[in-house]
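Order-wise, the sequence lines are chains A and B. At position 135 of the first sequence the residue is numbered 186 (the numbering used here), and the sequence of numbers has no breaks. At position 425 of the second sequence the residue is numbered 427 (the numbering used here), and the sequence of numbers has no breaks. Ideal Cβ positions, reconstructed from N, Cα and C, are used throughout, including at glycine. The structure under discussion appears below in the form of structure tokens.
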Amino acid sequence: MTTDTATLPRRRRVDFKDFGILGGLLAIVVYLSLSTTTFLTSQNIVNLLDQAVVIGLLAVGATLCIVSGVFDLSSSATLAVSAIAGVFLTTQFGVVVGFILALAVGAILGTITGTMIVITRVNSFIGSLAISIIYRGVAIVLTGGAILSVTSDQLDAFRVWALPVLDGVSGGTILFAVTAVVLGLVLWGTTFGRRVYAVGGNEEAARLSGVRTPLIHISVFAINGVCAAAAGMVLASRAGSAQPSLGIGMELTAIAAVVIGGTSILGGAGAVWRTVVGVIILTVIGNGFNLLRWDTTYQQVVTGVLILVAVAADSWLSRRSRRSRG
Amino acid sequence: MGKPTTLASTPVLALDGVGKSYNGISVLRGISFEIAPGEIHGLLGENGAGKSTLLKILGGAITADAGAVLFDGVPTRLSSPRDSIAHGVSLISQELALVPQRTVLENVFLGGWANAAGFATPAADRRRFDELCAEVGFDLDPHALVASLPLGKAQQVEILKALARGSRVLCLDEPTAALAEAETEQLLEVLRTLAARGTTIVIVSHFLEEVLGIADRITVLRDGAQIATEDASAHTSDSLVRLMVGREVAALSRTPAPLPDSAPVVLKAEGLTNDRILDVSLEVRRGEILGLAGLVGSGRSETLRALFGADRISAGRVSVSGVPVRRATIRRMIDRGLALVPESRKDEGLVLRRTTAENIALPSLGGRQIGGIVRQGAEASAVDRVVAMVDVRGSVRHVPVGALSGGNQQKALFGKWLVTPPEVFLIDEPTRGVDIGAKVNIHNLILDLAAAGTAVIVVSSELEEVMALSHRILVLRAGRVVAEFPSPADREDIMSAAFL
Numbered sequence: 052m053t054t055d056t057a058t059l060p061r062r063r064r065v066d067f068k069d070f071g072i073l074g075g076l077l078a079i080v081v082y083l084s085l086s087t088t089t090f091l092t093s094q095n096i097v098n099l100l101d102q103a104v105v106i107g108l109l110a111v112g113a114t115l116c117i118v119s120g121v122f123d124l125s126s127s128a129t130l131a132v133s134a135i136a137g138v139f140l141t142t143q144f145g146v147v148v149g150f151i152l153a154l155a156v157g158a159i160l161g162t163i164t165g166t167m168i169v170i171t172r173v174n175s176f177i178g179s180l181a182i183s184i185i186y187r188g189v190a191i192v193l194t195g196g197a198i199l200s201v202t203s204d205q206l207d208a209f210r211v212w213a214l215p216v217l218d219g220v221s222g223g224t225i226l227f228a229v230t231a232v233v234l235g236l237v238l239w240g241t242t243f244g245r246r247v248y249a250v251g252g253n254e255e256a257a258r259l260s261g262v263r264t265p266l267i268h269i270s271v272f273a274i275n276g277v278c279a280a281a282a283g284m285v286l287a288s289r290a291g292s293a294q295p296s297l298g299i300g301m302e303l304t305a306i307a308a309v310v311i312g313g314t315s316i317l318g319g320a321g322a323v324w325r326t327v328v329g330v331i332i333l334t335v336i337g338n339g340f341n342l343l344r345w346d347t348t349y350q351q352v353v354t355g356v357l358i359l360v361a362v363a364a365d366s367w368l369s370r371r372s373r374r375s376r377g
Numbered sequence: 003m004g005k006p007t008t009l010a011s012t013p014v015l016a017l018d019g020v021g022k023s024y025n026g027i028s029v030l031r032g033i034s035f036e037i038a039p040g041e042i043h044g045l046l047g048e049n050g051a052g053k054s055t056l057l058k059i060l061g062g063a064i065t066a067d068a069g070a071v072l073f074d075g076v077p078t079r080l081s082s083p084r085d086s087i088a089h090g091v092s093l094i095s096q097e098l099a100l101v102p103q104r105t106v107l108e109n110v111f112l113g114g115w116a117n118a119a120g121f122a123t124p125a126a127d128r129r130r131f132d133e134l135c136a137e138v139g140f141d142l143d144p145h146a147l148v149a150s151l152p153l154g155k156a157q158q159v160e161i162l163k164a165l166a167r168g169s170r171v172l173c174l175d176e177p178t179a180a181l182a183e184a185e186t187e188q189l190l191e192v193l194r195t196l197a198a199r200g201t202t203i204v205i206v207s208h209f210l211e212e213v214l215g216i217a218d219r220i221t222v223l224r225d226g227a228q229i230a231t232e233d234a235s236a237h238t239s240d241s242l243v244r245l246m247v248g249r250e251v252a253a254l255s256r257t258p259a260p261l262p263d264s265a266p267v268v269l270k271a272e273g274l275t276n277d278r279i280l281d282v283s284l285e286v287r288r289g290e291i292l293g294l295a296g297l298v299g300s301g302r303s304e305t306l307r308a309l310f311g312a313d314r315i316s317a318g319r320v321s322v323s324g325v326p327v328r329r330a331t332i333r334r335m336i337d338r339g340l341a342l343v344p345e346s347r348k349d350e351g352l353v354l355r356r357t358t359a360e361n362i363a364l365p366s367l368g369g370r371q372i373g374g375i376v377r378q379g380a381e382a383s384a385v386d387r388v389v390a391m392v393d394v395r396g397s398v399r400h401v402p403v404g405a406l407s408g409g410n411q412q413k414a415l416f417g418k419w420l421v422t423p424p425e426v427f428l429i430d431e432p433t434r435g436v437d438i439g440a441k442v443n444i445h446n447l448i449l450d451l452a453a454a455g456t457a458v459i460v461v462s463s464e465l466e467e468v469m470a471l472s473h474r475i476l477v478l479r480a481g482r483v484v485a486e487f488p489s490p491a492d493r494e495d496i497m498s499a500a501f502l
């Protein structure tokens, strides 16, 4: 039974959620600016942004997955395999072609992950966990467990993602910014993005509206694969090499950043800009602990609490809105 | 109204003026009858007559807001399933409350296992289990997993569970709906045995012959009111149908526009078959409204889903405007001009977290894009046009559609398919859970669409709705089309076809 009462929008609540996360970031920034002399220096900001790049790329890809209602725990393994392939292909075909082919490898791995999950219909969390173990195995097989390096004459060009290119800002930072803007626009303004939200919000309703839901899921895994490969190439670029244990565990930090930003783990709601804010919060907290010379052990405690608060707020808000529906 | 027959013994359970309303809409009122120990009491009525509500009140799942429930003559407040269990009432729903991955023995004593200081003592449970089985004549393997049992046996586990916690009153909601004939016979035999040893049974069933064969007395509900409580032996199926129907058909303000003889067939289905429907054939013409009537579970919704390509069919074919559709998928059907308003707007219809505008735009997204980018202006005007047509009230762009009222949600659900009006509109439960104002709007909308040439198939549990909207009515029973009536049809004839 329903009535026509209680339908008035509660804009303030929604706005609180929107601004809550930005306000949180602002508060941390203001506090660090006042309590340290080093935080608000251009060098620190440039470093900070560079530190956000790898998790940022993974988190932006994870945002599309989570909004569409799936988790991809294979992204850091995809990162490692793509980076290894990228380094090898760079030695064969040069820096530019190597980078592009690395992204292609990421896309293929993501497509495989997505296809397996769609076909077997296993829960994406467990399915992608299993696939991540396979990919890590593949990474070890490919390298024989060793570190793979680019040739010394390629090193300067290869390190473009690690070095300052524009007013001290690193190539990686620009790569992240471009990726975030592009995927943000994809999610916000394309028919594909609309379908991603619909599938994540109610898969059956989307299917009955003519959305090919398996295709949407495979696509977000593929996009996440490309993001993971880009993150892998940034890591490889910093070291001039790649190895099988690259990026282990980073997929979880990425998911944490998505959640802190306020994207719903239930699917169907969220945005790329939120994830960018979440990534920056995580990075600034790490940076703050260093600058204030606090014991970095507590950084983990703070991060954990932050994730809990974000998830609790999400489930509280979605319960509230369900109740107001009557 | 009802004339309660007097009982020889003290009633174990008595209802005195029990009523329930939601938001001021009464769904049950003035229910008064008594049930003797060991009596089998049949509860009958159409879809929505209030049978399930009454059972849920007895089971403590919902609380009555008028009248009293008396156990052994003592007024009792039932405010949770726990209360009901404490008074010896067990409600057995169609969805069994068992843990399929655990054994029969564990399920029978679910939550109340014999134990010593917290450690389970299964031997004690086993003794009690054997006693209970012997008493009621069940042959159950205590170590079998419930998941491995056929439904009939699983029901026996549920019954044993009720007896194990000392239930004196068993309430069964459509216990035979999903059972095969042999299993049904077995269950009815079990119920007779239980009644003979003093357990009181309240049974809701759509199968009238079945109820007449087992019940001592019956109560008929209609629109939430008690119509009769009488001895079952005084009745036949026909007399029960008359009691259940017996209402003046409320006249709708409008009737469907007359259908010209020349109207071409738009949708034709031949021999549609899958695991829920059998050999369903139908056709609907341009501008025609075809009603599908039948009981819950008769295959009405499944027929619509099969037509729409949402459920696979194992045999049969669908043609749209004379052209057969090969390997029907939802996309292909939408491209051919079909649209489906599904039964549950919450589970199948709307993405509740997204806005009304996004929901309305979803099925037609592909038509308003350049290189995959949404043309926001075209979308806004399409949405505005549809919102005006279906009259959604409330913020369309800033609030999730889930925050709107049921009536507005339902209008948004219709709106999804009206950006370009469909050739064939399949509508499952057009007005479930909406207020009367929205209901009239939606009825008028359906009549207008048909008058403009859309072929409509409408399914509703409310027979009035089907009768008022349709040019022609098909009745389904157990997955088959069993009768066809031109409109205006006789209510009693339709009910007879659906029930018997």
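For B:K418, the residues of chain A that pass the 7 Å Cβ criterion are S260, in the order they occur in the chain. The DSSP assignment places 153-166, 183-198 as complete runs of the alpha helix (DSSP H) inside the region 146-198 of chain B, in order along the chain (cut-off: 4 residues).
Taken in chain order, the whole alpha helix (DSSP H) runs of length 4 or more contained in the region 228-274 of chain B are 239-247.
For the region 218-244 of chain A, the set of positions with a beta-carbon nearer than 7 Å to some beta-carbon of chain B reads G240, T241, T242, F243 in chain order.
The residue from B:I37, B:Q96, B:I87, B:M469 with its alpha-carbon nearest to that of B:A295 is B:M469. Around the C-beta of B:D67, fewer than 16 other C-beta atoms lie within 10 Å, and the residue is accordingly described as exposed.
Judged by DSSP in its simplified three-state form, B:R288 adopts coil rather than helix or strand. Just measuring C-alpha positions, the residue of B:P344, B:S407, B:G215, B:A126 sitting nearest B:W419 is B:P344.
Within chain B, the residues placing a beta-carbon under 7 Å from that of A:A256 are E350, G351, L352, V353, ordered along the chain.
Using a Cβ-Cβ cut-off of 7 Å, B:V376 is close to G240, T241, T242, R245 of chain A, given in chain order. For the region 316-343 of chain A, the residues whose beta carbon sits under 9 Å from a beta carbon of chain B are, in order, L317, G318, G319, A320. Looking from the CA of B:V461, the closest CA among B:T433, B:V484, B:V353 belongs to B:T433.
Chain-order list of chain A residues neighbouring B:A312: R258, L259, by C-beta distance under 8 Å.
Rounded to the nearest angstrom, the gap between the Cα atoms of B:H400 and B:T357 is 7 Å.
Its chain contains L476 as the residues whose beta carbon lies nearer than 6 Å to that of B:E486, once the 5 sequence neighbours on both sides are disregarded; these appear in chain order.
Of the residues assessed, B:Q228 falls on the buried side of the cut-off, its CB having 16 or more other CB atoms within 10 angstroms. Taking 8 Å as the CB threshold, B:G368 lines the interface with chain A. Secondary structure remark: continuous alpha helix (DSSP H) runs of at least 4 residues inside the region 378-424 of chain B, in chain order: 378-392, 408-417. Here the alpha carbons of B:E212 and B:F73 stand approximately 28 Å from one another.
Distances from the alpha-carbon of B:P488 to those of B:G301, B:L261, B:A164, B:A384 put B:L261 closest.
Per DSSP, B:L72 is one residue of the beta strand (DSSP E) stretching across 68-73. The beta carbons of B:V148 and B:V192 sit no closer together than 8 Å. The beta carbons of A:V121 and A:I168 sit closer together than 8 Å.
Inter-residue distance for B:L172 and B:G21 is about 21 Å (C-alpha atoms, whole angstroms). In this structure, B:P39 lies near B:G200, with their beta-carbon atoms less than 8 Å apart. Look at A:N98 here: in three-state DSSP terms it is helix.
If you draw a straight line from the Cα of A:F340 to the Cα of A:N98, it is about 15 Å long. Apart from sequence neighbours up to five positions away, the residues of its chain that approach A:V146 with a beta-carbon distance below 7 Å are Q205, A208, F209, ordered along the chain. Under the three-state reduction of DSSP, B:A485 is assigned to strand. For A:A361, no chain B residue has a Cβ inside 7 Å of its Cβ, as the nearest lies near 17 Å away.
Secondary structure note for B:V461: its beta strand (DSSP E) is the uninterrupted segment 457-461. Nearest C-alpha to B:V159 among B:A259, B:V110, B:G404: B:V110. According to DSSP, B:E36 shares a beta bridge with B:A16.
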